[in-house]
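Enquirer:
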Amino acid sequence: MDFHNTDDAVTKRIRAMVDRVAGLKENDLYFYNQPITEMLPGGKVLVNGRIMGMYASYSYLGLIGHPRINKAAKDAIDQYGSGTHGVRTLAGSLRVHNELEETIASFKHTEDAVTYSSGYATNLSVISTLMGRGDYVISDKLNHASIVDGCLMSGAEFRRFKHNDMEDLERRLQQIPADRSKMVMADSVFSMDGDIIDLPKVVELCRKYNAWLMIDEAHSTGVLGKTGRGIEEHFGMDDVIDIKMGTLSKTIPSVGGYVAGKKEIITYLRHASRAYIFSAALPPAQAAAANEAFKIILDEPERIEKLNANSKQFINGLKGAGFNTLQTETAIVPVICGSDELAFKMTRLCQHQDQFVLPVISPAVPEDLARLRATVTAAHDPADIEVAMDVIIRAGQELGVIQ
Ligand SMILES: *Cc1c(COP(=O)(O)O)cnc(C)c1O
């Protein structure tokens, strides 16, 4: 490489990462960004001409490729074309956007909803629009990066509480002057660990200390609750979260993010949040696909039952073999390996046996808790899950991760 400044801090940062990637590739330990050429039924994918079991997917209900969703997307292209005319406020609000937001509001039992072009942009923009200098944001230590970034961007005082530790959350709340605005933020299901936030206790504390509550339902919409409506349904509570955030890129096989809540909050966001005002609307095909997906979740509840059964099988099998799977209760199953190197080697053994799993390493997770972050979906067949677990277990034994 030939940069104009060969030894400044930026150059060093770039080089360090490039060298790390090259080193992993040389040792056949690099499995990120793989080219998938086809989505196959049964939770499988075609990668470099090989059929692999897909255990790194967030398509929890197996809705990618659903005929009704594909048709809705194609019809939207026929009706509207492929793009919008720009930002919605001035040029690009289509009927299909309003329909999607009505569907989300009804699905989440709220008065209204607003969509953005990604989940990441949603958290960034919504948190920094609602909260500002002089306010306090209180965030679970394991919250998603987009929440952390939104908190930092807001300029509010940033406090973190120990992961899912309600005593620590209360301590933090007590430390904040009573007259200050505050918001508690948490993932519903934690994306690296698969455990569920103690919503009843969080709600109680927010009421006691007069704090706003925002929950990120990226991994619970369509997953938790008997009908897939999310974390409130899971705990038998109705409309106790002020800001219900979610993404349209996981269980919902599209792209985008949303917030559902009271009409006044949504009206405010529609006119104050910069990701809505200064960034283009969702493409019509993606909005229509997302709209149809919410309807299918309600029409085909057996998908949720299948997801729950598959998750149970996957967790019990790996736990039973001796793996540490932390506190997971969901389809996200951390398979703790230990060091980053062990996680990379576990990945290589599994990938060579046609099981698509990926490592999560530091600094995304603590240094000694590097892991395969495996996921199971409703699309998987129980017999295939057995095969995948067999591969993971044999890899773990070979590397001494388990006995
Ligand atoms: C994936 C994810 C996001 C970001 O969503 P995108 O639509 O992919 O940008 C936000 N929060 C959590 C918890 C996530 O897992």
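Those letters in the sequence shown? Residues 23 to 425, per the numbering used here, in order. Think of the CB as a built atom: it goes at the ideal place given N, C-alpha and C, for glycine as much as any other residue. Predicted model only: the values in this text are computed from it and were never measured.
Give every residue of the same chain whose Cβ lies closer than 6 Å to the Cβ of A309, excluding the five residues on either side of it in the sequence, and list them in chain order.
Expert: Once the five neighbours on either side are set aside, the close Cβ partners of A309 are V118, H119, L122.
Enquirer: Note the first and the last residue of the continuous beta strand (DSSP E) segment covering V67.
Expert: Looking at the DSSP string, the run of the beta strand (DSSP E) that includes V67 is 66-69.
Enquirer: Could you check the C-alpha separation between L329 and T399 for me, to the nearest Å?
Expert: Roughly 6 Å separates the two Cα atoms.
Enquirer: Can you find the residues in the same chain that come closer than 7 Å, C-beta to C-beta, to L340, ignoring five residues on each side of it along the sequence?
Expert: Same-chain partners within the cutoff: T347, V355, V357, M411, I414.
Enquirer: Following the continuous alpha helix (DSSP H) through I99, name the residue where it begins and the one where it ends.
Expert: That run of the alpha helix (DSSP H) goes 89-102.
Enquirer: Which first and last residues belong to the alpha helix (DSSP H) in which D406 is found?
Expert: Here the alpha helix (DSSP H) through D406 covers 404-420.
Enquirer: Would you mind reading off the limits of the alpha helix (DSSP H) that contains K204?
Expert: Segment 204-209 is the beta strand (DSSP E) holding K204; no alpha helix (DSSP H) there.
Enquirer: Within 7 Å: the Cβ of Y231 and any heavy atom of ligand 3?
Expert: Among the ligands modelled here, namely ligand 1, ligand 3 does not occur.
Enquirer: Going by C-alpha distance, which of G105, A307, E179, A353 is nearest Y77?
Expert: Answer by Cα proximity: A353.
Enquirer: Going by DSSP, what residues sit across from Y138 in a beta bridge?
Expert: Its beta-bridge partners are G279.
Enquirer: Quick check: the Cα distance between Q419 and V409, rounded to an integer number of angstroms?
Expert: Computed Cα separation, rounded: 15 Å.
Enquirer: Measuring alpha carbon to alpha carbon, tell me which residue in E351, L391, F378, Q375 is nearest D362.
Expert: Nearest C-alpha to D362: L391.
Enquirer: Examine ligand 1 and report whether any of its heavy atoms sits within less than 7 Å of the Cβ of A240.
Expert: Yes, Cβ of A240 sits closer than 7 Å to a heavy atom of ligand 1.
Enquirer: CA-CA distance, M39 and F366?
Expert: If you take the alpha carbons of M39 and F366, they lie about 16 Å apart.
Enquirer: Considering only C-alpha positions, which residue in the set L164, K334, E351, E324 is nearest to H185?
Expert: Closest option to H185, Cα to Cα, is L164.
Enquirer: Could you spell out where the alpha helix (DSSP H) holding L364 opens and where it closes?
Expert: Unbroken alpha helix (DSSP H) run through L364: 362-374.
Enquirer: Taking only the alpha-carbon atoms, compute the straight-line gap between V109 and A135 and give it to the nearest angstrom.
Expert: One C-alpha to the other measures close to 17 Å.
Enquirer: Quick one: grab the DSSP three-state call for M74.
Expert: Strand.
Enquirer: In its own chain, which residues sit with a C-beta less than 7 Å from the C-beta of A127, not counting the 5 before and 5 after it?
Expert: For A127, where only same-chain residues beyond five positions count, the Cβ hits under 7 Å are E133, D134, A135, A282.
Enquirer: Which residue marks the beginning of the alpha helix (DSSP H) containing V225, and which one marks its end?
Expert: Its alpha helix (DSSP H) spans residues 221-230.
Enquirer: Let me make sure I understand the geometry here. Which of R416, K272, H374 has the alpha-carbon closest to that of Y80?
Expert: Comparing Cα-Cα distances from Y80 to each of R416, K272, H374, the minimum goes to K272.
Enquirer: Since H107 and A98 should fall inside the 8 Å C-beta cutoff, what is the C-beta to C-beta distance between them, to a whole number of angstroms?
Expert: Actually they do not touch by this definition, with Cβ atoms about 15 Å apart.
Enquirer: Per DSSP, what kind of secondary structure is P6 in: helix, strand or coil?
Expert: Outside the displayed span of the chain (23 to 425) sits residue 6, for which this structure offers no information.
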